[in-house]
Structure formats: C-alpha cells, structure tokens
Amino acid sequence: MKTRMNNLMLALLTAGMVVLLLMVVAIARADAPTKINYQGKLTDLNDVPVPNGNYPITFTIYDAPSGGNVKWTETQMVPITNSLWV
Numbered sequence: 306m307k308t309r310m311n312n313l314m315l316a317l318l319t320a321g322m323v324v325l326l327l328m329v330v331a332i333a334r335a336d337a338p339t340k341i342n343y344q345g346k347l348t349d350l351n352d353v354p355v356p357n358g359n360y361p362i363t364f365t366i367y368d369a370p371s372g373g374n375v376k377w378t379e380t381q382m383v384p385i386t387n388s389l390w391v
C-alpha cells in the first residue's frame, strides 16, 4: 500500500513539473512587441496648439536616459486633430 501511495505521489509530482515546465517555455517564447503606442499634444514655441493637418514627427530611441547613443530613428507624417496625435 505504501509503495502504491509513493508511486501516486511521484506521478503527481512529475505531472506538476511537466505543467510548470510547459508554462515556463510558453512565457519564454513570448515575443517583444513590434509596435509602440504613442500619443501627444503638438504646440508651437509659444505653447499654442498647432492647426489641424499632417506634421512630420521624428521618433528616436536612445540607449540611455540622457546623453545616449541613437539606437533607432524614424520620421512619420502624423495627422494632428485639435493639436492631438494618437
């Protein structure tokens, strides 16, 4: 009887380990997002909202919070409505 109980506990432990391993693999395989959501308010130098229209906005990613090197940059024409872009 004790051997049967030990075998059952071993089987449950093994099943639990397999489930845990599958969960870890699934999390590790999660890809990084390929898009970044952004939004903002576009104003002129006097903090006056710009007129509606399309404006070139340059997006840049650096490798440090300040004084870093440019890792990526891209300019997009962004539609502005009521000084907002989303």
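Residues in the sequence shown are numbered from 306 upward in steps of one, following the numbering used here. Ideal Cβ placement from N, Cα and C applies to all residues, glycine included.
Tell me which residue opens and which closes the beta strand (DSSP E) that residue i is part of.
| i | result |
| --- | --- |
| T362 | Checking the sequence, you will find Ile at residue 362 rather than Thr. Here the beta strand (DSSP E) through I362 covers 358-367. |
| K264 | As shown, the chain starts at 306 and ends at 391. That puts residue 264 outside it, with no answer to give. |
Spatial neighbours of residue i within its chain, please: CB distance less than 6 Å, with the 5 preceding and 5 following residues excluded, ordered by chain position.
| i | result |
| --- | --- |
| N359 | M382, P384 |
| P354 | T348, S388 |
| M322 | none |
| F364 | E379 |
| N312 | none |
Thinking residue i and residue j are a contact (beta carbons under 8 Å), I'd like their distance in whole angstroms, please.
| i | j | result |
| --- | --- | --- |
| I366 | W377 | 4 Å |
In chain order, what residues of the same chain have a beta carbon less than 8 Å from the beta carbon of residue i, not counting five sequence neighbours either side?
| i | result |
| --- | --- |
| T339 | none |
| T386 | N357 |
| G373 | Y367 |
Are residue i and residue j close, meaning C-beta to C-beta below 7 Å?
| i | j | result |
| --- | --- | --- |
| V375 | Q344 | no |
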